[in-house]
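Working notes, beginning with the structure itself.
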Amino acid sequence: PYSVLEDVFVPLYFLHRYQTEAAVKLIGGLDYNYAVKGGAEDTFEVLEEKLQKEALEAVLETLSAEVLAIPEEKLELFPPRAYGYNRSRESFKSTTGVAFDALGAPATASDFTLTLLLHPERAARLVQQEALYNDLGLRGVLEELVTSTIKSSQKDEYLQKVQNTIDFNVLQHLISLAIHPDSTPQVRAETNQVINELQNWLKGKQDVIHRQMLLEIENFRRDPASYKTKPIAPKIPDGSPIGTYRCEG
1 PYSVLEDVFV PLYFLHRYQT EAAVKLIGGL DYNYAVKGGA EDTFEVLEEK LQKEALEAVL
61 ETLSAEVLAI PEEKLELFPP RAYGYNRSRE SFKSTTGVAF DALGAPATAS DFTLTLLLHP
121 ERAARLVQQE ALYNDLGLRG VLEELVTSTI KSSQKDEYLQ KVQNTIDFNV LQHLISLAIH
181 PDSTPQVRAE TNQVINELQN WLKGKQDVIH RQMLLEIENF RRDPASYKTK PIAPKIPDGS
241 PIGTYRCEG
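Residue numbers (full-length UniProt numbering): 1 to 249.
Here it is as structure tokens:
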């Protein structure tokens, strides 16, 4: 039945999740081994800046509406769920009830990428490697992120709605990094500076989406200690192993 076609589509849509995770590990990454004293091999080295920038470029592509938007003609294949065909843990999660959530899928995919990219430990390594090796730094990563998402626009209305969904995720993850208890003072400082610059940029925008983003930042600035980030992405379906329940329990 058509009701289960969306379940067949799930592993195809999220196929990039494993490559994304691998690419993200190169950003602020180390090439290391468990060397012993007296051994000839080096214990570790910071990855080349060129490699890290290439990885960042690839990761940022997974936050593009052109990449994450499900083609409109494909959406017609996903009707409301029929009686008896409920969603499972391997289905797309939906905020639209029985209807297929065309914006929820990109929200989930972008949330997955951002959770990996803006992890406090990765952010701390980026701060450190810039200081020690003049390598790619956190500030540069965050600025590239904002430029390629929130400061970008789409001519197509559907793609713009998808991009808006991604952008709200970006903002929430930036704020989360700024207030995360595991974020170092340097990470908080760099992140807050990028948020400040974004806030100033948003003040010049009059559309409702950017005004809402500005309102979110103002609410955060009013009382950062009590501000709680708002999860806006449905939970990602289970990945590997696919099609089995052996990982339960």
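All C-beta atoms, glycine included, are put in the ideal place defined by N, C-alpha and C.
Which same chain residues, not among the five before or five after residue i, have their C-beta less than 6 Å away from its C-beta?
i    : result
A65  : Q154, L159, V162, Q163
E61  : V67
T108 : A233, P234, I236
D167 : T149, I150
Name, in chain order, the residues that DSSP records as bridge partners for residue i.
i   : result
Y32 : F44
Using alpha carbons as the reference points, say which of the options lies closest to residue i.
i           : options                : result
K228        : L202, T184, S176       : S176
N169        : Q129, V10, K203, M213  : M213
L103        : Q193, N219, E72, V4    : E72
V46         : V127, V208, N196, P185 : V127
E157        : Y2, F9, P224, A69      : A69
L132        : G28, T165, K74         : G28
residue 251 : D111, N134, R125, L117 : Here the chain covers residues 1 to 249 and nothing more, so residue 251 does not appear.
E57         : E76, V24, Y32          : V24
Y2          : E54, A55, K74          : K74
E54         : R222, Q129, Y85, L26   : L26
Provide the residue span of the alpha helix (DSSP H) that contains residue i, from first to last.
i    : result
S148 : 138 to 148
R221 : 208 to 222
K151 : Looking at the DSSP string, K151 is not in any alpha helix (DSSP H), and its letter there is neither H nor E.
K161 : 157 to 179
R188 : 185 to 202
G97  : Unbroken run through G97: none, as it is neither H nor E.
L75  : 72 to 75
E66  : 65 to 68
L116 : 104 to 117
P120 : 120 to 133
A82  : No alpha helix (DSSP H) contains A82, which DSSP labels as neither H nor E.
Within its chain, find whatever has a CB closer than 8 Å to the CB of residue i; leave out the 5 residues flanking it on each side and keep chain order.
i    : result
S94  : R87, F100, D101, G104, P234
V194 : R139, L142, E143, V146, L174
I217 : L171, I175, I195, L198, Q199, L202
P224 : A178, I179
State the CB to CB distance for the pair residue i and residue j, rounded to an integer number of angstroms; the pair is presumed to be in contact (CB under 8 Å).
i    : j    : result
P120 : S183 : 5 Å
L174 : T191 : 6 Å
L5   : F78  : 6 Å
L136 : Q52  : 5 Å
L202 : H210 : 5 Å
L116 : E49  : About 20 Å; that fails the 8 Å criterion.
Please confirm if residue i has its CB atom under 9 Å from at least one CB of chain D.
i    : result
A225 : No chain D appears in the structure shown, which is made up of a single protein chain.
Quick one: residues in its chain with C-beta nearer than 7 Å to the C-beta of residue i, no 5 flanking neighbours on either side, listed in chain order?
i    : result
Q186 : V127
E248 : A caution first: E248 carries a pLDDT of 39, below 50, which makes its placement in the model too unreliable to give a value.
R89  : P237, D238
F44  : L30, D31, Y32
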